[in-house]
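This is the structure:
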């Protein structure tokens, strides 16, 4: 085995880690954590809410930003140019869309003030991903006066809406400004940094590129339809439930883009070529399977953890350092040098577990390749024990009286996995009869929807076949900010082990409806100050998403048990380029 001489792209150990479960509402949609404004302050999904926490302080507690009436599939944020305002958005499994605008007058999280919120139900099916932008989306690099939201939906569309941020009327918050129709469900879309190109992927082996034109009304001109590379394993498509991609991203300079496929691939293109520049494959050669006890189509089946769910390029800060990251369905974070695409590190994501628990760790595998390193060992040592980072010394493992973790700087072999997959039963449709309680009916449909089962309520049958509805408007709602109850981890885990979604239902007629108000229950602290936690590496850890801080100096991975931060090596340096400092 060759000796690894390169330094890893990330810090050897996590710079911060907290025990903070993130709710995964849909098995295939894993973009549930963001870092909008400053290092360590992350927003994520917890039950039916978007919450915020500063993970640099292990004794901190989460704070509810927006209580919702649904569990989000995806969240996004955008800082409005030349303001202290941040917009948040969340999409749901039954076309729900939440928007809210916040002001940070003193630049700190304590000064957050909500200016308004809007909750609506859009026409269509599952809102698979959402994107916020203030780019003008024309041949000019100027910012638009109002932000726009891009919604990738399971009804084969990518819809654009203008957001009226200064209006006071609840009936005029959203105005549709364009719609792209594709031949399959659209799972994710990205816009190039210059605002001129739309990248879309979905339940097909194709990558779609369109030029964006127009001002108030956006039009779409096809540029290319690129095929995803062939998987390195001939039968991987049958295992994964079909060719489908669930995440995409442009590099900060816009010259490259990446697409993540559930077939276990991440492909990178240069915009000047129709052939992939590099293709990275996850490993499926070991017998590291896990039972899928919630397979509704084949009881006793097994599901893989090697599908790629989320891909991100880091922002290019003053250092010019840029990395590409992608996460597998479970356990592993991949980090790639985005300047050469030669160095490829694979990091096993750790978790904080109560000190008295004994989770089964994953064992190192022999014969690992030498082209990557793993900053976090797969089987932790029981000692030494060190305390989590505190706010006094950010970025270092320092003393804290309540929360402890075990760490080790040893390298470990790559966790290999292989498993069988099964095909979807696209014909599965469950009719939910009237139960006499709207809330109970909605909860039943939500639980079934988490497991890829399409449902239709008794009073909605006519809507699926009807036509001629008038175009309504979204209704803005104000909800008192109360704490949420603690997440049901068992339900989140069960939802994460369903193989795939059912086929998209027929698009509903164009109509807007008011989202019913949701009043949360009081919330308990997710990490009590009196409990002790140990750093371990579970064999199968569901990953909820990944993101970077605004400067690209730190990367975050959210899981069903917690949030982990690493520093990007070299991103804090300033390099001299040309006649000026970068």
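In my numbering, the protein residues as written are 1 to 582. All C-beta atoms, glycine included, are put in the ideal place defined by N, C-alpha and C.
If you compare the alpha carbons of 273, 46, 28 and 27 with that of residue 34, the shortest gap goes to 46.
One alpha carbon belongs to residue 186, the other to residue 269, and they sit about 20 Å apart.
Here residue 43 is near residue 77, since their CB atoms are less than 8 Å apart. With fewer than 16 other beta carbons inside 10 angstroms of its own, residue 167 counts as exposed. Judged by beta-carbon spacing, residue 322 lies within the 8 Å limit of residue 252, meaning their Cβ atoms are closer than that value. Contact check for residue 21 and residue 560: beta-carbon distance about 6 Å, within the 8 Å limit, so the pair qualifies. In the DSSP assignment, residue 196 forms no beta bridge with any residue.
Residue 54 carries a strand assignment under DSSP once its states are collapsed to helix, strand and coil. Of the other Cβ atoms in all chains shown, fewer than 16 fall within 10 Å of the Cβ of residue 216; this residue is therefore exposed. In this structure residue 540 is in contact with residue 305, their Cβ atoms being roughly 6 Å apart against a cut-off of 8 Å. As a beta-bridge residue in DSSP terms, residue 545 pairs with 558. Residue 356 is classed as exposed because its beta carbon has fewer than 16 other beta carbons within 10 Å across all chains shown. Using a C-beta cut-off of 8 Å, the stretch 51-62 makes no contact with the stretch 84-99, since fewer than three inter-stretch Cβ pairs fall below that distance. Taking every protein chain shown into account, the CB of residue 204 has 16 or more other CB atoms within 10 angstroms, so this residue is buried. Counting along the chain, no beta strand (DSSP E) covers residue 73, and no H or E run does either. Residue environment analysis places residue 196 among the buried positions, since at least 16 neighbouring C-beta atoms fall within 10 angstroms of its C-beta.
The beta-bridge partner set that DSSP reports for residue 313 consists of 324. DSSP, reduced to helix, strand and coil, places residue 345 within a strand of the structure shown. Taking the Cα of residue 552 as reference, the smallest distance to any Cα among 565, 544 and 282 is reached at 565. Note: residue 31 is bridge-paired with 74 in the DSSP secondary-structure output.
Counting the other CB atoms within 10 Å of its CB gives residue 272 a total below 16, which places it among the exposed residues.
Bridge partners of residue 26 according to DSSP: none are assigned. Beta-bridge partners of residue 118 (DSSP): 99. Under the three-state reduction of DSSP, residue 12 is assigned to coil, being neither helix nor strand. Take residue 192, set aside five residues on each side of it, and the residues of its chain with a beta-carbon closer than 7 Å to its own are 250 and 254, in chain order. Counting C-beta atoms within 10 angstroms of its own C-beta, residue 6 has fewer than 16 neighbours from the protein chains shown and is therefore classed as exposed. Contact between residue 158 and residue 180 is confirmed by a C-beta separation of about 4 Å, below the 8 Å threshold.
Judged by their CB atoms, residue 130 and residue 149 are nearer to each other than the 8 Å cut-off. Here the alpha carbon of residue 213 sits roughly 12 Å from the alpha carbon of residue 194. Contact between residue 284 and residue 264 is confirmed by a C-beta separation of about 6 Å, below the 8 Å threshold.
Residue 443 carries a helical assignment under DSSP once its states are collapsed to helix, strand and coil. With respect to residue 218, residue 178 sits close: the two C-beta atoms are nearer than 8 Å. One Cα belongs to residue 206, the other to residue 189, and the distance between them is close to 13 Å. For residue 13, the closest of 348, 538 and 41 by C-alpha to C-alpha distance is 348. Beta-carbon to beta-carbon, residue 569 and residue 11 are separated by about 6 Å, close enough to satisfy the 8 Å threshold. By DSSP's assignment, residue 355 forms no beta bridge with any residue.
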